[in-house]
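S.K.: Just so you know, the sequence shown maps onto residues 622 to 1009 in the numbering used here.
We put the CB at the ideal spot given by N, CA and C, even for glycine.
All figures in this text were calculated on a predicted structure; none of them were measured in a lab.
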Amino acid sequence: MSTRVDSTLIKELKEYGAINPEACINCGNCTAICPLTTSEHPFVRRTIRSVQMGLRDRLVASIDPWLCYFCGDCSITCPRGAEPAETMMATRRWLIAQYDMSGKAKKLYTSEKHVAFTIFRTSLLPLVLLIAYHIITGGSKIATDRVVLNDFAPVMWVWAIVLLHFAILGWHLVRNSLNMIRNVLGPNANLASIPLGAYVAGAKDFVIHFFSQRQWWSKCDPEERKVEISRWFKHMLLMSGYGIMLILIVPLLWWFQTDEFYPIYHPQRWLGYYATVILIYTSVEILLSRRAKKEEIHRFSHPTDWLFPSFLLVAAVTGILVHIFRYMSLPWPTYIIYTIHVMAMVAMLDTEVGIGKWTHLVYRPLALSLDAMKRKAQELAEALAPAD
Ligand code: SF4
Ligand code: SF4
């Protein structure tokens, strides 16, 4: 791989949220303080050095930014105010854009106007489809004396469109992940020559880290660990609410969007209530912390940091309002809020899956599994090498 010095890289990283990387004097304090750094991965210093030197090729092949869980300790101890934690975060956004061949991630992170336009455009799509459906059916499908949601928006049609949308977004995510693997392993890597044992080690690490995210706190010292476990717990709580919401609207929409009135003990109601409460609590907490800027990790916020919690809040509030209005038998409030809910969900998924915050969930465990795979391959090669 060629190592071409690119003097524009530092400026580019600033567009993605790096604050003051040019102030770094390479003293190494950040690397010494970071609980997650290792001798094989001596970030943060190495990452900042790559940014300062414009080593684009080295940076794009690095997994180091994905090993950082953004505790902020390195920024607190930096004697130069170079904000190394922000550079790590900005590098992750930059890497997402490098893996993404559609160019959407780059626009998401570098152009607020583009984000606003994309949200506007994608959120209009379900509205246009609904209007078109009712024009074709002559408007006869809207019950106004009672709520019949599945006449207003037939669940099987909505479900088919949701599945199609997810298939497209899922394909983007898979394609971008393959791009990440190519970048990390190198363009000339011979995947067939990697032993099966290394693939197994990598797959095992991917599953473990995807579901547990335990790297977040497992290496911290006891005092720090309490803080990080509390952050990890909130994250897992959010993921449980988000995961349930996704299960209800993707594989189970045919069951979840109903005109039935179920008793209070029905599992459908409790799954919906759990997801709603968790999503409202965690998204409000994140938004308030970002606004207060008291915690180190919230001192600076990139515009996209506001997007995901805001979308979650809108999705949860509109979702529960649809439920309330339906139970109150208010047809038009139900239909209008349902339309807003679907518009927000489509815009959220389009700006998050494959290019936004969502990708951290996949790229972090993938980075750790690629690391495990490389180590296992090396171990197996050494075991097979003839002794001197
Ligand atoms: S970012 Fe700060 S702490 Fe880290 S090497 Fe540079 S000057 Fe030192
Ligand atoms: S933010 Fe925390 S985990 Fe990330 S590099 Fe700095 S000290 Fe390490």
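Taking 7 Å as the cut-off, does the CB of V795 come closer than this to any heavy atom belonging to ligand 2?
M.R.: No, since every heavy atom of ligand 2 falls outside the 7 Å radius drawn around the Cβ of V795.
S.K.: Is L951 helix, strand or coil when you go by DSSP?
M.R.: L951: coil per DSSP, three-state reduction.
S.K.: Measuring CB to CB, does M709 end up less than 8 Å from F738?
M.R.: No, they are not a contact pair.
S.K.: With respect to the alpha helix (DSSP H) encompassing M722, which residues constitute its N-terminal and C-terminal limits?
M.R.: Careful: M722 lies outside any alpha helix (DSSP H) and carries neither H nor E.
S.K.: Tell me whether L989 sits in a helix, a strand or coil according to DSSP, three-state version.
M.R.: It is helical.
S.K.: On a Cα-Cα basis, can you pick out the residue from T712, Y948 and H944 that is closest to H962?
M.R.: Nearest of T712, Y948 and H944 to H962, Cα basis: H944.
S.K.: Which parts of the segment 772 to 847 are runs of the alpha helix (DSSP H), unbroken and 4 residues or longer, counting only runs that do not cross its ends?
M.R.: Listed in chain order, the complete alpha helix (DSSP H) runs (minimum 4 residues) inside the segment 772 to 847 are 776 to 806, 817 to 833 and 836 to 839.
S.K.: Note down the Cα distance separating D627 from M674, rounded to an integer number of angstroms.
M.R.: Each residue's Cα considered, the two are about 7 Å apart.
S.K.: Would you mind reading off the limits of the alpha helix (DSSP H) that contains V905?
M.R.: Counting along the chain, the alpha helix (DSSP H) containing V905 begins and ends at P888 to A913.
S.K.: According to the neighbour-count rule (16 or more other Cβ atoms, all chains shown, within 10 Å of its Cβ), is M964 buried or exposed?
M.R.: Looking at its Cβ environment, which holds 16 or more other Cβ atoms inside 10 Å, M964 is buried.
S.K.: Less than 8 Å between the CB atoms is what I'm expecting for D694 and I654, so what's the real figure, rounded?
M.R.: Between I654 and D694 the Cβ distance is about 5 Å, and since that is below 8 Å, they are a contact.
S.K.: Distance, Cα to Cα, I763 vs V769?
M.R.: For I763 and V769, the distance between alpha carbons rounds to 8 Å.
S.K.: Look up L869 in the DSSP assignment and say whether it is helix, strand or coil.
M.R.: Three-state result, L869: helix.
S.K.: Helix, strand or coil: how does DSSP classify L657 here?
M.R.: L657 falls in the coil class under three-state DSSP.
S.K.: How is the alpha helix (DSSP H) around Q673 delimited, first residue to last?
M.R.: Taken as a continuous stretch (DSSP letters only), the alpha helix (DSSP H) holding Q673 covers R666 to M674.
S.K.: Given 7 Å as the limit, tell me if I654 has its C-beta closer than that to any heavy atom belonging to ligand 2.
M.R.: Yes; taking the cut-off as 7 Å, the Cβ of I654 has a heavy atom of ligand 2 nearer than that.
S.K.: If you compare alpha carbons, which of W927, F831 and R677 is closest to A718?
M.R.: Closest option to A718, Cα to Cα, is R677.
S.K.: Is it the case that the segment 899 to 906 contacts the segment 843 to 862, given that we only count it when at least three CB pairs across the two stretches are under 8 Å?
M.R.: In short, these stretches touch, since the Cβ pair count reaches three.
S.K.: Beta carbon of G893: closer than 7 Å to some heavy atom of ligand 2?
M.R.: Checking every heavy atom of ligand 2 against the Cβ of G893, none is found closer than 7 Å.
S.K.: How do the segment 775 to 792 and the segment 868 to 878 stand: do at least 3 beta-carbon pairs fall below 8 Å, yes or no?
M.R.: Flag = yes, the segment 775 to 792 and the segment 868 to 878 touch.
S.K.: Is P663 helix, strand or coil by DSSP?
M.R.: Of the three classes helix, strand and coil, the one that applies to P663 here is coil, per DSSP.
S.K.: DSSP three-state call for D627: helix, strand or coil?
M.R.: Residue state, collapsed to three classes: coil.
S.K.: Going by the C-beta, is I640 closer than 7 Å to any heavy atom of ligand 1?
M.R.: No; taking the cut-off as 7 Å, the Cβ of I640 has no heavy atom of ligand 1 nearer than that.
S.K.: Based on Cα-Cα distance, which residue from C841, T712 and L991 lies nearest to Y820?
M.R.: Out of C841, T712 and L991, L991 has the C-alpha closest to the C-alpha of Y820.
S.K.: Please go through the same chain and pick out, in chain order, the residues whose beta-carbon is closer than 7 Å to the beta-carbon of R670, but skip the five residues on each side of it.
M.R.: Closer than 7 Å at Cβ, skipping near neighbours: N647.
S.K.: Taking C-beta to C-beta, are V681 and P924 nearer than 8 Å?
M.R.: No, the Cβ-Cβ distance between V681 and P924 is not below 8 Å.
S.K.: Does E881 come out as helix, strand or coil in the three-state DSSP assignment?
M.R.: Coil.
S.K.: Taking the alpha-carbon of E881 as reference, which of W927, F741 and R767 has the nearest alpha-carbon?
M.R.: If we check each option's Cα against that of E881, R767 comes out closest.
S.K.: Using a Cβ-Cβ cut-off of 8 Å (strictly less than) and excluding sequence neighbours within five positions of E636, which residues of its own chain qualify?
M.R.: Closer than 8 Å at Cβ, skipping near neighbours: Y730 and T731.
S.K.: Excluding the 5 residues preceding and the 5 following V967 in the sequence, name in chain order all residues of the same chain whose CB lies nearer than 8 Å to its CB.
M.R.: For V967, where only same-chain residues beyond five positions count, the Cβ hits under 8 Å are T743, S744, L746, P747 and H786.
S.K.: Over what stretch of residues does the alpha helix (DSSP H) that includes Y754 continue unbroken?
M.R.: Start and end: E733 to I757.
S.K.: Could you check if N797 is buried or exposed, using at least 16 other CB atoms within 10 Å of its CB as the buried criterion?
M.R.: Looking at its Cβ environment, which holds 16 or more other Cβ atoms inside 10 Å, N797 is buried.
S.K.: Start and end of the alpha helix (DSSP H) containing I976?
M.R.: Looking at the DSSP string, I976 is not in any alpha helix (DSSP H), and its letter there is neither H nor E.
S.K.: Tell me which residue opens and which closes the alpha helix (DSSP H) that D685 is part of.
M.R.: Run containing D685: D685 to L688, per the alpha helix (DSSP H) assignment.
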